[in-house]
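J.: Numbering-wise, the sequence shown is residues 1 to 353 according to our numbering.
Quick reminder that beta carbons are idealized off the backbone N, C-alpha and C, glycines included.
First the structure, then my questions, so here it is.
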Amino acid sequence: MRIAKRMGRKMKKSFGFVGEQEVFAYTIENAFLKATILSMGGTLQSLVVKEKGVDVVLGYDTPMEYLEKGGTIGAICGRFANRIRAGKLTVDGVEYALYCNDRGNHLHGGKVGYNKRIFGVEEHTADRLVLTLFSPDGEENYPGNLRLKVVYSLEGSALKISYEAVADKATAINLTNHAYFNLNGAGTGSAYQHTLQIAAPYYLSTDENMIPDGKLSKVENTPFDFRNAKTVASGDAFLSQNADLKKGKGFDHCFVFEKERDLALPIATLCGDKSGITMLCYTTLPAVQLYAGNFLNMEGKAGFYGRGNGLCLETQAFPDNVNVPAYAEYGSSIYAAGQRYESQTIYEFIATK
């Protein structure tokens, strides 16, 4: 274990307690960015774009707020991020009943997902934090002992999140970070006037419970067409007319990229309407869930968070792909014993005058 003690105690601080278990806040920093990550949930609690002095992610001030107010704000989601229909998972012919915590479906790992677990720290340097987690066989009824490593690193003006996981039985793995971004600053109000571009020709239409219906729906001529930049509000304006938007009370949908694409190009670009901050998102994954904070209604670290006060770009595999054979061409989320899961997501920030 290599801990960056040379940088002083300020790199690691107590964030409070959950029962008798202490939660720590770890800081990584370079000339462009300063990030604070919690041992609970591997949660991105703060991300400051230093040139503007703006904290661009929503968060809370205490561990109990993360547990009680919900929203999985800033946390690592797993073992399977997003939804699985009726909690039904079949692996090697054996059916597992996962905990259903969202309209009769399994969401973000269940009752005690990774957002509520305490991660270990393998390495902490000035600009890099390596977190580890052991998820035992049977946790939330998933098969297999799983070992997870999440690396937060700062590379110039970018925050990179890398994931590695491996289990000793075949199991389902789909990981993401659930940060809510407001490029004007956490607690500054609505992010609906941010402009957004998503390089996705398709989205996954859903049933009434937000479970994908097995189709790849074209974004063309729909509110889901963000191939050219537009405000999030201009899409949300169709809420009362568009059946898919009404189901989620706004954007809570998975956008699908072309199978063959240049990984060096961003899959999404988000621009703050007041701050002069632009965020570029890159990923190795096939899709991104746009969640527009449709149910935010709580006090946060910087004031009240209401509907649309933060936007999530959750890079991931398709929700419920374990039950939809048609999605197999975009990759499987069932990993054999010993097969390694790996993915990377990068959030790059550009500050203009």
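Pull up the distance between the alpha-carbon of V57 and that of G310, whole angstroms please.
T.: Each residue's alpha carbon lies about 8 Å from the other.
J.: In angstroms with no decimal places, state the Cα-to-Cα distance between G71 and L296.
T.: Cα to Cα, G71 sits roughly 8 Å from L296.
J.: Smallest Cα separation from Y114: which of A126, E140, T90, L98?
T.: Closest option to Y114, Cα to Cα, is E140.
J.: With three or more C-beta pairs closer than 8 Å as the rule, is the region 273-287 touching the region 341-353?
T.: These segments touch.
J.: Can you tell me the Cα-Cα spacing of A126 and L239, whole angstroms?
T.: A126 and L239: Cα-Cα distance of roughly 45 Å.
J.: Would G87 and H106 be called neighbours here (beta carbons separated by less than 7 Å)?
T.: Result yes, Cβ atoms of G87 and H106 sit closer than 7 Å.
J.: Taking the straight line between their C-alpha atoms, what separation do you get for A31 and S217?
T.: Taking the straight line joining both Cα atoms gives about 42 Å.
J.: Just to confirm the assignment, what range does the beta strand (DSSP E) spanning V150 have?
T.: Segment 146-155, the beta strand (DSSP E) holding V150.
J.: What residues are listed by DSSP as bridge partners for D55?
T.: Bridge partners of D55: V48.
J.: Starting from V232 and walking both ways along the alpha helix (DSSP H), at which residues does that stretch end?
T.: Per DSSP, V232 belongs to the alpha helix (DSSP H) from 232-236.
J.: Please report the Cβ distance between N242 and P223, rounded to the nearest whole angstrom; I am assuming they are in contact, meaning their Cβ atoms lie under 8 Å.
T.: Going by Cβ atoms, the distance from N242 to P223 rounds to 5 Å, so yes, they are a contact pair.
J.: Looking only at its chain, what residues have a beta carbon closer than 8 Å to the beta carbon of V324, apart from the 5 residues adjacent to it on each side?
T.: The answer, listed in chain order, is P212, G214, F318.
J.: Using the three-state DSSP reduction, which class does M64 fall into: helix, strand or coil?
T.: Helix, per DSSP.
J.: How far does the beta strand (DSSP E) with D360 in it reach, from first residue to last?
T.: Since the first residue shown for the chain is 1 and the last is 353, residue 360 is missing from the structure and cannot be characterised.
J.: Can you check which of these residues, E208, T171, A75, V256, is closest to G93 by C-alpha distance?
T.: The option with the nearest alpha carbon to G93 is T171.
J.: K12: buried (16+ other C-beta within 10 angstroms of its C-beta) or exposed?
T.: Buried, because 16 or more other Cβ atoms sit within 10 Å of the Cβ of K12.
J.: When you compare only the Cα positions, how much space is there between P136 and K169?
T.: Rounded to the nearest angstrom, the two C-alpha atoms are 11 Å apart.
J.: Assuming the contact rule is C-beta atoms closer than 8 Å, F24 and S39 should be a hit. Round their C-beta distance to whole Å, please.
T.: The Cβ separation is near 5 Å, so the contact holds.
J.: Can you tell me which of the three DSSP states G16 falls into?
T.: G16 falls in the strand class under three-state DSSP.
J.: Based on Cα-Cα distance, which residue from L67, M210, E164, I161 lies nearest to G104?
T.: The residue with the shortest Cα to Cα distance from G104 is M210.
J.: Please say whether F251 and I198 have beta carbons closer to each other than 7 Å?
T.: No, Cβ-Cβ distance for I198 and F251 is not below 7 Å.
J.: Have a look at S205 and G185 and give me their C-alpha separation to the nearest angstrom.
T.: Each residue's Cα considered, the two are about 31 Å apart.
J.: Out of E122, G187, G74, A75, which one is the CA nearest neighbour of Y305?
T.: Ranking E122, G187, G74, A75 by Cα distance to Y305 puts G187 first.
J.: In the DSSP assignment, what residue or residues form a beta bridge with I173?
T.: For I173, which the question treats as bridged, DSSP gives no partner whatsoever.
J.: Starting from the C-beta of L196, find all residues in its chain whose C-beta is less than 6 Å away, skip the five residues before and the five after it, and write them out in chain order.
T.: For L196, where only same-chain residues beyond five positions count, the Cβ hits under 6 Å are F226, V232, L270.
J.: When you compare each of Y335, A229, Y99, D207 to H253 by their alpha carbons, which one comes out closest?
T.: Residue D207 is the option with its Cα nearest to H253.
J.: Could you spell out the range, first to last residue, of the alpha helix (DSSP H) harbouring K246?
T.: Counting along the chain, the alpha helix (DSSP H) containing K246 begins and ends at 243-248.
J.: Excluding sequence positions up to five away, which residues of its chain have a Cβ less than 6 Å from the Cβ of Y192?
T.: Closer than 6 Å at Cβ, skipping near neighbours: V232, A233, G308.
J.: May I have the straight-line CA-CA distance separating A328 from H194, to the nearest angstrom?
T.: C-alpha separation (whole angstroms): 34 Å.
J.: Do T315 and L285 count as a contact pair if the criterion is CB distance below 7 Å?
T.: Result yes, Cβ atoms of L285 and T315 sit closer than 7 Å.
J.: May I ask you to report which of helix, strand or coil DSSP gives M210?
T.: In the structure shown, M210 sits in coil (DSSP, three-state: anything other than H, G, I, E or B).
J.: Quick one: residues in its chain with C-beta nearer than 8 Å to the C-beta of A264, no 5 flanking neighbours on either side, listed in chain order?
T.: For A264, where only same-chain residues beyond five positions count, the Cβ hits under 8 Å are Y282.
J.: Would R261 be called buried (16 or more neighbouring beta carbons within 10 Å of its own) or exposed?
T.: That one is exposed.
J.: Taking V91 as the reference, give the member of Y152, N321, L44, T352 with the closest Cα.
T.: Selected option, being the one with the closest Cα: N321.
J.: Nearest to G78 by CA position, among D236, G235, V166, A351, is which residue?
T.: Checked all of D236, G235, V166, A351; the closest Cα to G78 is V166.
J.: Contact check, G276 vs A351 under 8 Å by CB: the rounded distance?
T.: Rounded, the Cβ-Cβ distance is 6 Å, consistent with contact.
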